[in-house]
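All letters in the sequence shown, in the order written, are residues 0 to 425 by numbering that gives the first Met the number 0. Heads up, the beta-carbon is just placed ideally off N, CA and C, and yes, glycines get one too. Note that this is a predicted model, so its numbers are computed, not measured.
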Amino acid sequence: MKTQIKHIHGRRIWDSRGRPTVEVDVLLQDGSSGRGVAPAGASRGSREALELRDGGSLLNGLDVAQAVTHVNSEIAQALIGRDALAQEQADACLIALDSTPLKSRLGANATIATSVAIAQAAANSQGQALWQYLSQGQPVRLPLPQIQIFGGGAHAGRRVDIQDFLVMPIGAQSFDEALVMVANVYHAAGQWMASLGKRHGVADEGGWWPDFSSNEEALQTLTRSIELAGYRHDQVAIALDVAASEFGQSGRYTLGLDQHVYSTDEWLQELLRWVNTYPIVSVEDPFAEDDTAGMQAFTHAVGQKIQVIGDDYLVTRVDLIEAAVRDKACNAVLLKPNQVGTLSETRQAMQTARQHGFGMVVSARSGETEDTAIAHIATGWDTGQLKVGSFARSERMAKWNECLRIEESLGNNSVYAGKHGLKLAL
Ligand code: PGA
Ligand code: ZN
């Protein structure tokens, strides 16, 4: 069989934070090959699949020698001879081989890199781009991007508490135009901050590292930057990733910059005030992963009007998405393939979200590489949205630029999801 897996090779490479990560090459009988790379989060949900790190003193304990060894031994042995076109069977084999709930034996970094490499090899064997292979002949759209302008939280020394201040070019007519809009806002924000003396380089995902005196000042500056770039709020809107698990637990939210501790209800009132004051169309993880009551109250208050995304709250898991549907705790899901550890499980999470009318945002991690698979996943599965970080640093730009190439390859048939990519079409 031409598409039989002939060889699997794992190696250590380095991510955008200069930390080790796992890369896997898969070679098929017909000579086709594919590559997958594991990204790494910094503000991880506690229910995510485990990223296997070696521990000890070498490289601050972050080396991935064990995960790489798992790829080159057990994983290779189990998968060689299997059909790369049978992604679900290959992923089921990885799940069974690991045999733990959170992939803690083999490491989700080993399994996701292998899983994506198989899909890429299969696509190449069919002479298809990855997005085309993943689409299985269904219609596709280029995603509405969520692009970070200011970085905060765990990605910027906690200079501001809110992790991502992002924009969404909802008024663009094409992905190409969407990036022009974002470029104008990104540079307007940078110049405006520099003139105020509040710009200090870039954060982990390429957004400006700000020197604001309150979280709300970031919202004011972002709103102003959109205007300075010449856009209306129905052209470029704001999204937030609060990443509240980073500063909230057990119903208490400690905002370092604002020097204030909020109860769940007080934090709700503050967020609602922001949503009512600024052109915000999407809020991710407004409450901590342990605060279902907070997520429910927020979704109840604004879920008819804006998108409420669960990231740490859902960690790309079908069971947690189903629970959130029952609880009415959010109305959209962030899909991070390495949170769950295989492409097939990510796809199941996507399908569960779709069935229940949830919005879907394929997302990178804060630790990334030049790998562009998620641009293809967002397009091929037609999730409608893609979040990759900011508009600087090549590990981010690689994904945005790949979307441009996909759009170009589709020619007149290309469709940009635009505002319809959002959970709530405005
Ligand atoms: P992470 O953050 O990759 O550091 O977990 C990204 C996010 O919270 O969306
Ligand atoms: Zn997040």
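Should T382 and L141 be called a contact, given that it needs their Cβ atoms to be closer than 8 angstroms?
Position 383 of the sequence shown holds residue 382. Position 142 of the sequence shown holds residue 141. No, they are not a contact pair.
Beta-carbon within less than 8 angstroms of I7's beta-carbon, same chain only, minus the 5 sequence neighbours each way: which residues are those?
Start at 1 with the first residue of the sequence shown, and residue 7 comes out as number 8. Same-chain partners within the cutoff: V23, D24, V25, L26, V70, N71, I74, A75, L78, I79, T113 and A116.
For Y185, report the span of its alpha helix (DSSP H) as first-last.
Stepping through the sequence shown from its first residue, residue 185 is reached at position 186. Residues F174 to L195.
Which of the three DSSP states, helix, strand or coil, is assigned to M0?
The residue given as residue 0 occupies position 1 in the sequence shown. Three-state DSSP puts M0 in coil, outside helix and strand.
By Cβ distance, which residues of its chain are closer than 8 angstroms to D284, with the 5 residues on each side in sequence left out?
Translated into the one-based positions of the sequence shown, residue 284 becomes position 285. The answer, listed in chain order, is D240, V241, A242, A243, S244, I308, G309, D310, D311 and Y312.
So, for D29: in the same chain, excluding its five sequence neighbours on each side, which residues have a beta-carbon less than 6 angstroms away from its beta-carbon?
In the sequence shown, counting from the first residue as 1, residue 29 sits at position 30. Closer than 6 angstroms at the Cβ level, and outside the excluded window around D29, lie K1 and S124.
Contact check, V361 vs L334 under 8 angstroms by CB: the rounded distance?
Working through the sequence shown from its first residue, we reach residue 361 at position 362. Working through the sequence shown from its first residue, we reach residue 334 at position 335. Yes, V361 and L334 are in contact; Cβ-Cβ is about 5 angstroms, under 8 angstroms.
Throw me the rounded Cβ distance for the L101 and L49 pair, which I believe falls under 8 angstroms.
By 1-based counting over the sequence shown, the position of residue 101 is 102. By 1-based counting over the sequence shown, the position of residue 49 is 50. Contact holds; Cβ gap of about 5 angstroms.
Work out the CA separation of W13 and Y261 for me, nearest whole Å.
Position 262 of the sequence shown, counting from 1, holds the residue named residue 261. Position 14 of the sequence shown, counting from 1, holds the residue named residue 13. Rounded to whole angstroms, Y261 to W13 spans 39 angstroms at the Cα level.
Exposed or buried, what is G193 when buried is set at 16 or more other beta-carbons lying within 10 Å of its beta-carbon?
Start at 1 with the first residue of the sequence shown, and residue 193 comes out as number 194. Residue identity differs from the one stated: residue 193 is Ala in this sequence, not Gly. Exposed.
What does DSSP give as the partner residue(s) for D370 in the beta ladder?
Here residue 370 corresponds to residue number 371 of the sequence shown, with the count starting at 1. None, per the DSSP bridge assignment.
For L178, the nearest candidate out of S413, L403 and V36 (CA to CA)
To locate residue 178, count along the sequence shown from 1; it is residue 179. L178 has its Cα closest to that of L403, out of S413, L403 and V36.
I need the boundaries of the beta strand (DSSP E) containing A391, first residue and last residue.
Within the sequence shown, the letter at position 392 stands for residue 391. Premise fails: A391 is in no beta strand (DSSP E) and is neither H nor E.
Rounded straight-line distance, which links the Cα of H419 to that of G189:
As a working mapping, residue 189 is identified with position 190 in the sequence shown. As a working mapping, residue 419 is identified with position 420 in the sequence shown. The straight-line gap from Cα to Cα measures roughly 29 angstroms.
Whole-angstrom distance between A372 and V166, CA atom to CA atom:
One-based indexing of the sequence shown puts residue 166 at position 167. One-based indexing of the sequence shown puts residue 372 at position 373. About 22 angstroms.
Bridge-paired residues (DSSP) for I308:
The sequence position of residue 308 within the sequence shown is 309, counting from 1. Answer is E283 and A331.
Report yes if the CB atom of K386 is closer than 8 angstroms to the CB atom of Q145, and no otherwise.
Residue 386 sits at position 387 when you count from the first residue of the sequence shown. Residue 145 sits at position 146 when you count from the first residue of the sequence shown. Cβ atoms of K386 and Q145: closer than 8 angstroms.
Less than 7 angstroms separating the Cβ of A153 from some heavy atom of the ligand PGA?
Sequence index remark: in the sequence shown, residue 153 carries index 154 (1-based). The answer is yes for A153.
Would the beta-carbon of E283 be found less than 7 angstroms away from any heavy atom of the ligand ZN?
Position 284 of the sequence shown holds residue 283. Yes - the ligand ZN has a heavy atom lying nearer than 7 angstroms to the Cβ of E283.
Would you report the Cα separation of E204 and G17, rounded to the nearest angstrom?
Here residue 204 refers to the residue found at position 205 of the sequence shown. Here residue 17 refers to the residue found at position 18 of the sequence shown. Roughly 13 angstroms separates the two Cα atoms.
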